[in-house]
Structure formats: structure tokens, C-alpha cells
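Number of protein chains: 2
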Amino acid sequence: MEEIISSMSNAQVKRLKELLTKTRARKKQGCFVAEGLRMVRETPADRLESLFISESFGRQAREAGLDLSRARILSDAVFKSVSETQTPQGIMAIVRQQSADLSDLLAAKAPLLLFLENIQDPGNLGTMMRTAEGAGVTGVIMSRDTVDIYNPKTIRSTMGSLYRMPFVYVDDLCQALLQAEKAKIHVFAAHLQGSVCYTDRNYRGASGLLIGNEGNGLTTAAAACACANIRIPMAGQVESLNAAAAAAILMYEAARQRGFAAADWTE
Amino acid sequence: MEEIISSMSNAQVKRLKELLTKTRARKKQGCFVAEGLRMVRETPADRLESLFISESFGRQAREAGLDLSRARILSDAVFKSVSETQTPQGIMAIVRQQSADLSDLLAAKAPLLLFLENIQDPGNLGTMMRTAEGAGVTGVIMSRDTVDIYNPKTIRSTMGSLYRMPFVYVDDLCQALLQAEKAKIHVFAAHLQGSVCYTDRNYRGASGLLIGNEGNGLTTAAAACACANIRIPMAGQVESLNAAAAAAILMYEAARQRGFAAADWTE
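This is the structure:
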């Protein structure tokens, strides 16, 4: 007979809650929580630290023949109370964080990098990761003050790209941009006052795209570290685009120019 | 001395709360609530029904010389409790809804229409409206089951495009698509199984783009009413893109092909 954890004061339950709600706890422990069957299934086995299921999920899962021998079981009430989703599927895992090396990202073949400065909306960051994978971006480099990628809302929005798109947080984004320049990567900064239309530049070579904060755009310092400031033309009275929409437009212009070579695409 | 409403059971406070939280109430009354200084400022005067400010906003506003002669004043506590935002600015308005006519949208010069089927995320819909204005889209046509555009979260995400981008909900989206076809508008449906890459089609003429539900994509019926199914190539293991990101990519490809003619753009 398996033990069912039915108390919110259980140490593991407390740890789950902490990892789900506190960036600091995630950073300190180097772990995060992946929720839902899809995210758990996509978790690389060597990074999975522990698995949790709800009592009722356990019944379904055994019927479906899933191996849950290592899973700990939470009562449905405890699971729901810990979960960050409104209708939890009943499965979550504690997973070890894994970051890429900046030097590896810069040394990639035909790099197409996404540089993010101080993105604050978790959904925007997740959507950017997902679109980046689709567009064939080879890595994402984020300023230290960008929202935590292991925020549950970001994880959900990535739809699994979290595990597939290499990324790294850097202490000094300007420094990273200068390293990119040294590595002969042309970085284009999306800027409302950019002098060049984004479609008038060539992204076929080693390229980077730099996107700034949702409300304030790029800092002058970061924009100055880019090779060129590009602008997305806007009709009407639009003052700026949503950051994830702007990133999508730029990344897919690069993908288009590259003939969608990264995509598994044959007409 | 002005009267300060300090009770949540005040009829006007109740009405505000209802209009902020209930789609049905908004539909029945043909009104919605615009929150924040920016949205209120952009509200066309002939559509503004009544104006509400918080007590402390009133003090600031008078110092700033704003005309608030018609405004009703809510106590800060009541205002905060009614508001849908975490840190309310202290100003909101009841505004009359205004919808475009489908026939006008179809008769526009060089139309670029966005057709939306059953979009459910309020933020996605708002972002699409904002991007649509930027891309020079001439109108947005939504299936009846699309989320309410007057949802506070959608309104916020539009960043004012709500007032500038003509839109209409239609009872029968397929019927609207067929009317578009009769009006010689080529509608392209974004479809995961589309046989043609989106960059291989021409959007310079009268065009429409059709985007489906976030989780389920387009219904077979809607996809069948389009002239062609187009696909956005995706690298990696991405199964689909976020609906607002996909819409942004397609709308801006159309804008690019049109030479950003709708945008106030000179290099």
C-alpha cells in the first residue's frame, strides 16, 4: 500500500509550493517544477529529480500503463492546492535546471540568436521561446533582469521549447553583445527609432536579434552595442507592438530569408 | 461639495462591476468599461457614457487641469475593489460599444482582412488587434464564439487599437468567408496541414487571413471556405505557434509584400 501525502505541511509539498511560487527558491536549489503530462513526458530522464501525481491521476495512469514506480502520491486536495493551474492534470515533476554556455551559443554553425533585455511578462518570454524554436533560432541570451524562465506561466507558454531551445542568462548583456560582435555575429536591435526597415537587412549570415522590455524598449546602452537598429513599420496610430509579436515578425523574416532551411519543409 | 460614492452597493458601482466581469451584461447593455487614463483619453467623446474617478485621482487631476466636471467620484477603496487592475490608475469610463458592418469591411479599398475563428485567450485577441492596426489590416471579422473583445484583459492588450481597428462579430463565419469570396477577396487559412508556405502566396490584392482557435486550430468547415490553406514552416519539434504570433507573422508578410504602404514609412 502506497503512502498518500495528505498534509500541506509535508516537507515535499512545501518544497513543491516554494519552487512553483518563488524565483529565489528555484535559483537557490537549481530546480523547477514541470506541470502536466506533456511537460513531464518531455522532461529528459537525467534531469528529472522527483515525480508527483494526484491520487486520482494514479488510478488513470495505472490503467494507461504508465510507469509511476518512483512517483509520490498526493491527495487530490493537496495536489490542487499546490498546483498553479486551475484544473490540474494531476502530474508534476521537480526538474533540474540546465543552462547553455554563451560561448557555445556564439560558436554555433550559422547562428541565429535572440537577445532579450529585461522582458518582464512570463507569457511573452514563453511565447518567444516557442516561436524561436519554430523559426530555427539557435539560442536565446537573456539579461539577468529578464523574468525567470522557470516561472510556471513561462514554462506553460513554451509548450516544451524550454527543453529544446538552448538559453542562458548573462550578467552583462552589453558584454555578451560585444562578444557576439567579436564572433562576427551581426546583431540587429529592434528599435522604435531604428533607421532601417527590418526587411531591408540580410539575416542569412551569422545574425542576432535584440528585443527590449515591453514598456520601455531597449536601453540606450544595449541598443548601442548592436550593429544596427532596425524598425518594424507600423500603420495607424500604433506606438509599439507587443514584444512577443515583434520578436515573431523579426525571427520569421530571418527564417524566410534563410529559405526556412532549419525547418523540415518541402512543398 | 461633491458626493463621494463609498458603498459597494451603490447602483452605479454595481453596474461598473457587472460590466467589467460579465460578458452577458456587456452584450445586453451594449456598453463596456475602459480603464486607465490612456484608454479613457482615447475614447471618442460621442461614445463616452459616464466617467468615474477615484478620490485621490481627483486631486491629482484637478492639479493637472483635467476637465472632470461630469465625473463621479468613488472612494479609493471602492475604486480599487471595482477595478480589474492590481494598481488602478483611478479613472474609468462606461463606453458604448460600436461594431463595423461586414459589408463595409468587404467593400474597403485594397482590403486586408483578419478572420478569427473561436480565439479564446483575451490577451491573444487584444494583441492581434494591436498588431493588425500596425500591419495595415483594414478590418477584423470574428466568429460569434470568439472571446468578448470588451473583456478588460483584451481591451488592455489592444493598447487603444480597440477604438481604431474596425471589427465585427458574425453569426456564421463560413457565410462571411463566402461573402468575402464573392467580393473577390482571397482568403488564406493558416493551417498546420496547409500545402503552401505562407511566403509563396501573394497578398498584394484584396486579401484575407484566417486564424483558428489556439488549441484546436481551424474547423474543417472554416478551412474549406478559404481560397487556400497556407502553412508557417516550423523548425525543431514545435507542433504549432501561439495564435497571436502566427497572426503577426502572416499579417506582416502581407504588409511586407504591400511595401508597408499603409505605414507612415520613409527610410
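In order, the protein sequence lines correspond to chains A and B.
Take 215 as the starting number for the first sequence in this note's numbering and just add one per residue.
Take 215 as the starting number for the second sequence in this note's numbering and just add one per residue.
The C-beta atom is built at its ideal place from N, Cα and C for all residues, glycine as well.
Residues in its own chain within less than 6 Å of B/Ala349 by CB, not counting five upstream and five downstream?
The answer, listed in chain order, is Met465, Tyr466, Ala469.
Is it true that the segment 366-385 of chain B meets the segment 417-430 of chain B, where meeting means three or more beta-carbon pairs spaced less than 8 Å apart?
No, the segment 366-385 of chain B does not touch the segment 417-430 of chain B.
Exposure of A/Gly279, with buried meaning 16 or more beta-carbon neighbours within 10 Å:
Counting Cβ neighbours within 10 Å, A/Gly279 comes out exposed, since fewer than 16 surround it.
Under the three-state reduction of DSSP, which class applies to A/Gly408: helix, strand or coil?
Shown here, A/Gly408 sits in coil according to DSSP, grouped into three states, outside any helix or strand.
B/Leu482 vs B/Gly353 beta-carbon contact at 9 Å:
Any property of residue 482 of chain B remains undetermined from this structure, which presents chain B solely from 215 to 481.
I need the boundaries of the beta strand (DSSP E) containing A/Cys245, first residue and last residue.
For A/Cys245, the uninterrupted beta strand (DSSP E) segment begins and ends at 245-249.
Specify the secondary structure class of A/Gly473 as computed by DSSP and reduced to three states.
Coil.
Quick one: list the residues of chain A neighbouring B/Arg255, beta-carbon separation under 8 Å, in chain order.
Among the residues of chain A, none has a CB under 8 Å from the CB of B/Arg255; the nearest is roughly 12 Å distant.
So is A/Ser223 buried or exposed if we call it buried at 16+ other beta carbons inside 10 Å?
Here A/Ser223 is exposed, its C-beta having fewer than 16 other C-beta atoms within 10 Å.
Taking only runs of the beta strand (DSSP E) that begin and end inside the segment 294-332 of chain A, which ones reach a length of at least 3 residues, in chain order?
Runs found: 305-310, 326-330.
Straight-line gap, B/Glu232 to A/Val382 (C-alpha atoms, nearest Å)
Rounded to the nearest angstrom, the gap between the Cα atoms of B/Glu232 and A/Val382 is 45 Å.
If B/Leu387 sits next to B/Ala436, beta carbons under 8 Å apart, how far is it from one beta carbon to the other, in whole angstroms?
The pair is a contact, with the Cβ atoms about 6 Å apart (cut-off 8 Å).
Identify whether B/Thr480 lies in helix, strand or coil by the three-state DSSP scheme.
In this prediction, B/Thr480 scores a pLDDT of 45, lower than 50, which makes its location untrustworthy; the coordinate-derived value is nonetheless stated afterwards. The answer is coil: DSSP assigns B/Thr480 none of H, G, I, E or B.
Are the CB atoms of B/Phe266 and B/Leu251 nearer to each other than 9 Å?
For B/Phe266 and B/Leu251, no; Cβs fall outside 9 Å.
Would you say A/Gly348 lies against chain B (beta-carbon separation less than 9 Å)?
Judged by the 9 Å Cβ criterion, A/Gly348 is in contact with chain B.
Members of the segment 407-424 of chain A that neighbour chain B once the beta carbon cut-off is set at 8 Å:
Cβ contacts with chain B come from Ser409, Val410, Cys411, Thr413, Asp414.
With a threshold of 9 Å between beta carbons, is A/Pro447 in contact with chain D?
Of the chains in the structure shown, none is chain D; the protein chains are A and B.
Which one of A/Asn430, A/Gly429, A/Thr413 has the shortest CA to CA distance from A/Leu423?
With respect to the C-alpha of A/Leu423, the residue from A/Asn430, A/Gly429, A/Thr413 having the closest C-alpha is A/Thr413.
Check whether B/Gln334 and B/Thr360 have beta carbons under 9 Å apart
Pairing B/Gln334 with B/Thr360 gives a Cβ-Cβ distance under 9 Å.
Go through the segment 343-400 of chain B residue by residue and report every complete run of the beta strand (DSSP E) that reaches 3 residues or more, in order.
At a cut-off of 3 residues, the continuous stretches assigned as beta strand (DSSP E) that sit fully inside the segment 343-400 of chain B are 353-357, 381-384.
CA nearest to the CA of B/Gln312, picked from B/Tyr364, B/Ile305, B/Asp281:
The shortest CA-to-CA distance from B/Gln312 to any of B/Tyr364, B/Ile305, B/Asp281 is the one to B/Tyr364.
Does DSSP put A/Glu263 in a helix, a strand or coil?
A/Glu263 falls in the strand class under three-state DSSP.
Close-in-space but distant-in-sequence residues of the same chain around B/Gly304 (CB under 7 Å, 5 per side omitted)
Result list for B/Gly304: Ile267, Ser268, Ser270, Phe271, Phe293, in chain order.
Pairwise C-alpha distance: B/Lys228 and B/Arg310:
Going by the C-alpha atoms only, they are around 17 Å apart.
What does the alpha-carbon distance come out to for the pair B/Val247 and A/Asn430?
For B/Val247 and A/Asn430, the gap between their C-alpha atoms comes out near 26 Å.
Which residues, in chain order, does the segment 393-407 of chain B contribute to contact with chain A at a C-beta distance below 7 Å?
Listed in sequence order: no entries.
Just the Cα atoms here: how many angstroms apart are B/Leu391 and B/Thr368?
So the alpha carbons of these two residues sit roughly 24 Å apart.
Check for me: the alpha helix (DSSP H) holding B/Arg229 runs from which residue to which?
Here the alpha helix (DSSP H) through B/Arg229 covers 225-235.
Under 8 Å by Cβ, that's how I've got A/Ser421 and A/Ile444 pegged, so tell me the actual separation to the nearest angstrom.
Going by Cβ atoms, the distance from A/Ser421 to A/Ile444 rounds to 11 Å, so no, they are not a contact pair.
Looking at the unbroken beta strand (DSSP E) that takes in A/Ala442, where does it start and where does it end?
For A/Ala442, the enclosing beta strand (DSSP E) has its first and last residue at 442-445.
Sheet register partners of A/Ser421 (DSSP bridge):
Answer is A/Leu326, A/His400.
Within this structure, are the beta carbons of A/Met356 and A/Val384 separated by less than 9 Å?
Note that the C-beta distance between A/Met356 and A/Val384 is below 9 Å.
Determine the contact status of B/Tyr263 and B/Ser297, defining contact as a CB-CB distance below 9 Å.
Position check: residue 263 of chain B holds Glu in this sequence, whereas Tyr was assumed. Contact annotation: B/Glu263 and B/Ser297 have beta-carbon atoms that are not nearer than 9 Å.
Taking 9 Å as the cut-off, decide whether the C-beta atoms of A/Ala346 and B/Asn456 are in contact.
Between A/Ala346 and B/Asn456, the gap from beta carbon to beta carbon reaches 9 Å or more.
C-beta contact flag for A/Val410 and A/Cys439 at 9 Å
The Cβ atoms of A/Val410 and A/Cys439 do not sit closer than 9 Å to each other.
If I measure Cβ to Cβ from A/Leu261 and keep anything under 7 Å in the same chain, skipping five residues before and after, which residues do I get?
In the sequence on display, residue 261 of chain A carries Arg and not Leu. Once the five neighbours on either side are set aside, the close Cβ partners of A/Arg261 are Val309, Arg310, Gln312.
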